[in-house]
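Novice:
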Amino acid sequence: MKTQEIANNLVKWCNNGEYDRCYKELYSPNIVSLEPSWAEHSRSEGMEAVGKKGEWWENTFDVHSTTVSEPTVAENWFSVRFDMDTTHKPSGQRSTSSEIAVYQVKDGKIVQEQFFYDMPGQ
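The working numbering puts the first residue of the sequence shown at -15, with every later residue one more than the last.
#1: So, for MET(-15): in the same chain, excluding its five sequence neighbours on each side, which residues have a beta-carbon less than 7 Å away from its beta-carbon?
#2: Terminal residues of the continuous alpha helix (DSSP H) containing GLU83?
#3: For PHE45, which option in SER82, PRO20, LYS73 and TRP22 has the closest C-alpha, if you only look at C-alpha atoms?
#4: Use the C-beta contact count for ALA(-9): other C-beta atoms within 10 angstroms, 16 or more gives buried, fewer gives exposed.
#5: Would you grab the beta carbon distance between TRP40 and GLU24 for me? Rounded to a whole angstrom, and I think it's under 8 Å.
#6: Which of helix, strand or coil does DSSP assign to TRP22?
#7: Would VAL138 be called buried (16 or more neighbouring beta carbons within 10 Å of its own) or exposed?
#8: How many Å lie between THR51 and THR80 at the Cα?
#9: Taking 9 Å as the cut-off, decide whether the C-beta atoms of GLY35 and TYR3 are in contact.
#10: Can you tell me the Cβ-Cβ gap for SER103 and TRP22, rounded? I've got them flagged as a contact below 8 Å.
#11: For GLY76, which residues in the same chain have their Cβ closer than 8 Å to its Cβ, ignoring the five residues on either side in sequence?
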């Protein structure tokens, strides 16, 4: 798949709640996922580690809604904006947030994703 096709599928499937399909069809088994350095899972390498990060997310947050913007594509890279309405399960605090995700594509698969957002409470 070309980068534009991968980007379009990621947006469509995320907006439809088909996150597992993204991981199965779009991601390299050797994916590197990067969060800000202060985040709990700042670096995850490989599908197993990314899966554990996803489990942590599901155990920590109730997601009421997520929307994903149209992608901006530049050769083997693309970015999207995620807008989320979540409740932090341990505290019961509901909030909205936005983040920018940047993806690198190589050999028809996403090989790296990196998320940019502010520290909660900042």
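Glycine is no exception: its CB is placed at the ideal position from the N, C-alpha and C atoms.
Specialist: Taking the structure as given:
#1: In the sequence shown, the residue the question calls residue -15 occupies position 1. Same-chain partners within the cutoff: GLY92.
#2: The residue given as residue 83 occupies position 99 in the sequence shown. For GLU83, there is no enclosing alpha helix (DSSP H); the enclosing beta strand (DSSP E) covers residues 77 to 90.
#3: On the sequence shown, residue 45 is found 61 positions in, with the first residue counted as 1. Of the listed residues, the one whose Cα sits closest to PHE45 is LYS73.
#4: Your numbering for residue -9 matches position 7 in the sequence shown. When all chains shown are included, ALA(-9) counts as buried.
#5: For the purposes of this step, residue 40 is taken as residue 56 along the sequence shown, with counting starting at 1. For the purposes of this step, residue 24 is taken as residue 40 along the sequence shown, with counting starting at 1. Correct: roughly 7 Å between the Cβ atoms.
#6: Along the sequence shown, one-based indexing puts residue 22 at 38. In this structure, TRP22 counts as coil in the three-state DSSP scheme.
#7: In the structure displayed, the chain extends from -15 to 106; residue 138 sits before or after that span and is not available.
#8: Counted from its first residue, the sequence shown places residue 51 at position 67. Counted from its first residue, the sequence shown places residue 80 at position 96. So the two alpha carbons sit approximately 11 Å from each other.
#9: Your numbering for residue 35 matches position 51 in the sequence shown. Your numbering for residue 3 matches position 19 in the sequence shown. Taking 9 Å as the Cβ cut-off, GLY35 and TYR3 do not qualify as a contacting pair.
#10: Taking the first residue of the sequence shown as position 1, residue 103 is located at position 119. Taking the first residue of the sequence shown as position 1, residue 22 is located at position 38. Note on residue identity: the sequence assigns Met, not Ser, to residue 103. At roughly 6 Å, the Cβ-Cβ gap stays under 8 Å, so MET103 and TRP22 are in contact.
#11: Translated into positions along the sequence shown, residue 76 becomes position 92. Excluding sequence neighbours, GLY76 sits near nothing in its chain.
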